[in-house]
Amino acid sequence: FIVFFLTFREMTSSGFSSPDQSDDEDSDSSQKEVHSHLEESIRPYIDLIDTLRSVGIHKDLALPTIVVIGDQSSGKSSVLEALSGVALPRGSGIVTRCPLELRLKKVPGVNWKASAPNEKKIEFADPSLVEEHVAAAQNELAGKGVGICDELITLEIMSPDVCDLTLIDLPGIARVPVEGQPEDIGKQIKRLIMKYIKKRETINLVVVPCNIDIATTEALKMAQEVDPEGKRTVAILTKPDLIDKGTEKSVLAIVHNKVIPLRKGYIMVKCRGQQQINDEIPLEAAAQMERDFFQNHDYFRCLLEEDKVTIKCLAIKLTQDLVDHIKNSLPPLQQQIQKQLCSVKRALHDCEAGPPEDLEGAKEFLIETLNGFNEKIKSLLSGEPKNGKSLFFQIRAEFRKWNDYLNSAKPSFNNSKELSENYRGRELPGFSNYIVFEKILQEHVAKLKDPAIDLLNAIKDIIIKQFTDVVSECFQNYHVLQNITEDKINDIQLNQQEKAEQRISEQFKMENGIFTQDLIFLKVLSEKTNQTFSEKELPIVVQRLADQLPLMITFYMLQETARLLSIDIIKLLEKPDLQKLLSEDPDVSRRRSDLRARQTRLTHAAKAISNFLND
Numbered sequence: 001f002i003v004f005f006l007t008f009r010e011m012t013s014s015g016f017s018s019p020d021q022s023d024d025e026d027s028d029s030s031q032k033e034v035h036s037h038l039e040e041s042i043r044p045y046i047d048l049i050d051t052l053r054s055v056g057i058h059k060d061l062a063l064p065t066i067v068v069i070g071d072q073s074s075g076k077s078s079v080l081e082a083l084s085g086v087a088l089p090r091g092s093g094i095v096t097r098c099p100l101e102l103r104l105k106k107v108p109g110v111n112w113k114a115s116a117p118n119e120k121k122i123e124f125a126d127p128s129l130v131e132e133h134v135a136a137a138q139n140e141l142a143g144k145g146v147g148i149c150d151e152l153i154t155l156e157i158m159s160p161d162v163c164d165l166t167l168i169d170l171p172g173i174a175r176v177p178v179e180g181q182p183e184d185i186g187k188q189i190k191r192l193i194m195k196y197i198k199k200r201e202t203i204n205l206v207v208v209p210c211n212i213d214i215a216t217t218e219a220l221k222m223a224q225e226v227d228p229e230g231k232r233t234v235a236i237l238t239k240p241d242l243i244d245k246g247t248e249k250s251v252l253a254i255v256h257n258k259v260i261p262l263r264k265g266y267i268m269v270k271c272r273g274q275q276q277i278n279d280e281i282p283l284e285a286a287a288q289m290e291r292d293f294f295q296n297h298d299y300f301r302c303l304l305e306e307d308k309v310t311i312k313c314l315a316i317k318l319t320q321d322l323v324d325h326i327k328n329s330l331p332p333l334q335q336q337i338q339k340q341l342c343s344v345k346r347a348l349h350d351c352e353a354g355p356p357e358d359l360e361g362a363k364e365f366l367i368e369t370l371n372g373f374n375e376k377i378k379s380l381l382s383g384e385p386k387n388g389k390s391l392f393f394q395i396r397a398e399f400r401k402w403n404d405y406l407n408s409a410k411p412s413f414n415n416s417k418e419l420s421e422n423y424r425g426r427e428l429p430g431f432s433n434y435i436v437f438e439k440i441l442q443e444h445v446a447k448l449k450d451p452a453i454d455l456l457n458a459i460k461d462i463i464i465k466q467f468t469d470v471v472s473e474c475f476q477n478y479h480v481l482q483n484i485t486e487d488k489i490n491d492i493q494l495n496q497q498e499k500a501e502q503r504i505s506e507q508f509k510m511e512n513g514i515f516t517q518d519l520i521f522l523k524v525l526s527e528k529t530n531q532t533f534s535e536k537e538l539p540i541v542v543q544r545l546a547d548q549l550p551l552m553i554t555f556y557m558l559q560e561t562a563r564l565l566s567i568d569i570i571k572l573l574e575k576p577d578l579q580k581l582l583s584e585d586p587d588v589s590r591r592r593s594d595l596r597a598r599q600t601r602l603t604h605a606a607k608a609i610s611n612f613l614n615d
């Protein structure tokens with residue numbers, strides 16, 4: 001946000017000085033000396049904030065600023081008009097319908113000119129058009145009628161006769177919606193105001209009419225909510241000429257901070273009324289009339305000596321309050337800038353540099369990117385842990401389940417006599433039939449085929465997940481390349497799954513011919529003397545399946561997939577549209593661009609503050 005700075009009109013030819021003072025050469029000399037001192041002590045802080053604003057740091061961090069809030073018809077527009085000398089839109093109901101940033105720049109030697117508050121920044125040289133252009137900008141953003149909009153509009157005025165001033169005027173608080181307004185218009189306005197006033201860097205300028213109960217004003221309640229100790233709240237009491245007789249002492253108690261205490265206190269002003277506006281009384285004349293009003297008032301005369309009344313005193317107070325606020329804000333602001341700068345650098349590193357635009361550079365970038373992907377796939381096969389656990393940790397867990405299942409699914413041969421009788425052919429009792437035991441084993445092995453396919457699918461899911469994670473990690477910014485690679489992984493896995501299933505089917509067919517080497521069987525036979533032939537043969541089959549299937553699945557689904565994928569990835573370099581492969585998601589390039597812009601802003605801001613504090 002924008003800093004608020006006032007060069008005092010009473011110290012310039014168009015200021016608040018009285019005719020007698022302007023005729024006094026000693027007074028002129030004294031004023032110039034004070035003015036020069038103020039410029040020397042205040043201007044460096046203003047220039048620093050202007051520098052920060054010029055590099056756009058207000059997009060990242062809140063800068064010291066003053067916002068003006070008040071209930072509807074509280075006199076906000078009159079106060080702004082008196083401070084700035086610019087006639088702003090007036091009327092009943094909601095006049096300010098968008099946050100209005102008013103920038104006044106004192107530029108010696110130029111004719112009055114302004115930039116209209118719209119995208120095209122149309123310049124005009126007639127001061128009477130200000131109100132028209134502000135109203136037009138509000139209609140453009142908030143629509144014609146009585147709606148409001150959060151978007152900030154800016155009116156910039158340059159002249160040798162205006163004050164250096166920037167402030168933000170917010171919509172007046174509405175209590176009851178009028179015709180054409182949404183039912184929640186009050187909530188909308190409060191939400192918009194809260195967005196500005198809750199920031200610690202903001203000085204809240206609350207405008208309150210003298211002729212109402214100050215405790216009931218919504219604007220002051222909101223300011224107290226975000227600033228309960230009143231450390232950054234200034235209250236302006238308007239319309240002192242409208243108070244009821246007999247209430248003057250009550251108003252004095254408010255100004256003297258005895259009713260609702262505010263650290264920054266109260267200032268009372270009397271701006272032009274509607275009749276004076278209709279009579280086209282100039283602001284300079286209105287300033288003198290304001291002083292005369294307080295000078296001649298029975299109760300408020302004392303406030304002149306206490307510097308608690310008039311626009312002149314308000315200007316002086318706001319200037320000093322703001323400069324003090326800037327001084328206090330600089331150390332934490334510097335810390336916030338450094339913290340955000342570190343965060344932006346880390347985020348930029350995650351975004352990478354992005355592909356070059358030229359064809360040769362894009363090809364080199366793509367080669368480097370693809371090689372990086374292949375290296376990460378190789379690291380998966382080497383068993384390097386990823387996110388704490390390696391690929392093989394997950395695969396081994398599935399293989400272990402397979403082995404446990406094989407052992408738990410062994411058929412019971414406890415009643416071998418009954419089994420032999422059930423499968424007995426024409427042989428006499430007591431004679432063994434090898435075909436019987438072979439059939440028993442074949443039936444058991446056949447039941448293992450479906451669990452074996454389940455094992456294959458489980459391993460496939462693990463590998464696809466691991467490979468896809470590598471794709472996301474390496475190609476996260478390049479959606480075309482990411483989609484192509486993921487499709488390749490799925491296609492290769494489908495082909496490899498078909499081969500693995502075929503190989504598993506063949507394995508189970510081979511297991512129908514019960515076989516093992518004689519020496520192996522004799523060794524088992526000698527170790528398991530009290531078991532049947534089927535029980536002696538079964539551990540050999542189980543061990544073979546427990547080892548063979550994991551070897552098969554690992555080869556086809558992992559090793560071959562990685563090899564084929566690496567070949568296909570390198571073949572992408574043969575495509576004619578290399579730059580299309582590196583086309584980024586718009587959000588990624590936009591985020592990188594935003595981060596770079598933020599880094600530039602923050603770097604310039606950090607340097608500006610460092611130079612200022614070290615001078």
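Read in order, the letters of the sequence shown correspond to residues 1 to 615 in full-length UniProt numbering.
Glycine included, every Cβ here is placed at the ideal spot set by N, Cα and C.
Here the structure is a predicted model, which means the values were calculated and not measured.
Helix, strand or coil for residue i? Go by DSSP, reduced to three states.
i, result
"Arg103", "strand"
"Asn204", "strand"
"Thr123", "Thr is not the amino acid found at residue 123; the sequence shown has Glu there. Strand at Glu123."
"Glu33", "With a pLDDT of only 47 at Glu33, under 50, the local geometry of the prediction cannot be trusted, and the value read off the model is given with reservation. Glu33: helix per DSSP, three-state reduction."
"Thr310", "coil"
"Ile243", "coil"
"Phe1", "Here the model assigns Phe1 a pLDDT of 31, short of 50, so the residue's position is not dependable and the matter cannot be decided."
"Ala235", "strand"
"Asp577", "coil"
"Glu356", "For the sequence presented, residue 356 should be read as Pro rather than Glu. The answer is coil: DSSP assigns Pro356 none of H, G, I, E or B."
"Phe612", "helix"
"Ile168", "strand"
"Ile553", "helix"
"Pro209", "strand"
"Leu319", "A small correction: the amino acid at residue 319 is Thr; Leu does not occupy that position in the sequence shown. Reduced to three states, the DSSP call for Thr319 is helix."
"Asp350", "helix"
"Thr217", "coil"
"Asp279", "coil"
"Gly372", "helix"
My assumption, with CB atoms under 8 Å, is that residue i sits in contact with residue j. Please give the rounded CB distance.
i, j, result
"Val206", "Gly70", "6 Å"
"Leu370", "Ile203", "57 Å between Cβ atoms; not a contact."
"Val259", "Ile214", "6 Å"
"Thr65", "Gly172", "Thr65 to Gly172, Cβ: 19 Å. No contact."
"Leu366", "Glu201", "Leu366 to Glu201, Cβ: 46 Å. No contact."
"Cys313", "Ser78", "About 16 Å separates the two Cβ atoms, so there is no contact after all."
Below 8 Å between beta carbons: does that hold for residue i and residue j?
i, j, result
"Lys580", "Val480", "yes"
"Gln507", "Gln548", "yes"
"Pro209", "Lys239", "yes"
"Leu100", "Ile168", "yes"
"Leu48", "Arg103", "no"
"Val107", "Ser74", "no"
"Ile311", "Ala287", "yes"
"Ala597", "Ile337", "no"
"Ile153", "Cys98", "yes"
"Ala608", "Thr51", "yes"
"Gln493", "Ile463", "yes"
"Val130", "Ala142", "no"
May I ask which residues mark the beginning and end of the beta strand (DSSP E) holding residue i?
i, result
"Tyr196", "Premise fails: Tyr196 lies in the alpha helix (DSSP H), Ile185 to Ile197, not in any beta strand (DSSP E)."
"Tyr266", "Tyr266 to Met268"
"Lys113", "Lys113 to Ser115"
"Thr96", "No beta strand (DSSP E) holds Thr96; DSSP gives it neither H nor E."
"Leu155", "Ile153 to Ser159"
Would the beta-carbon of residue i be found less than 7 Å away from any heavy atom of the ligand SAH?
i, result
"Val542", "For the structure depicted, the ligand SAH is absent and the ligand set is empty, with no information on it obtainable."
For the alpha helix (DSSP H) containing residue i, list its first residue and its last residue.
i, result
"Leu283", "Leu283 to Gln295"
"Thr561", "Glu560 to Lys571"
"Ile504", "His479 to Met510"
"Ile459", "Lys449 to Phe475"
"Val251", "Glu248 to Val255"
Inspect the CB distances between the stretch 228 to 245 and the stretch 314 to 325 and report whether three or more fall short of 8 Å.
With the cut-off at 8 Å, the stretch 228 to 245 and the stretch 314 to 325 touch.
How about the stretch 285 to 295 and the stretch 242 to 250: do they share at least three Cβ pairs that are nearer than 8 Å?
no
Report yes or no: do three or more beta-carbon pairs, one from the stretch 593 to 601 and one from the stretch 46 to 63, lie closer than 8 Å?
Segment contact: the stretch 593 to 601 against the stretch 46 to 63, three or more CB-CB distances shorter than 8 Å; contact assigned.
Does the stretch 486 to 499 come into contact with the stretch 389 to 400, if we say contact requires no fewer than three beta-carbon pairs (one atom in each stretch) closer than 8 Å?
no
Are the stretch 349 to 365 and the stretch 576 to 592 touching by the rule of at least three beta carbon pairs closer than 8 Å?
yes
Would you say the stretch 331 to 348 touches the stretch 588 to 597, given that touching needs at least three Cβ pairs under 8 Å?
Yes, the stretch 331 to 348 is in contact with the stretch 588 to 597.
Check whether the stretch 328 to 341 touches the stretch 550 to 564, taking contact to mean three or more Cβ pairs, one atom from each stretch, closer than 8 Å.
A contact between stretches requires three or more CB pairs, one per stretch, nearer than 8 Å, and the stretch 328 to 341 fails this requirement with the stretch 550 to 564.
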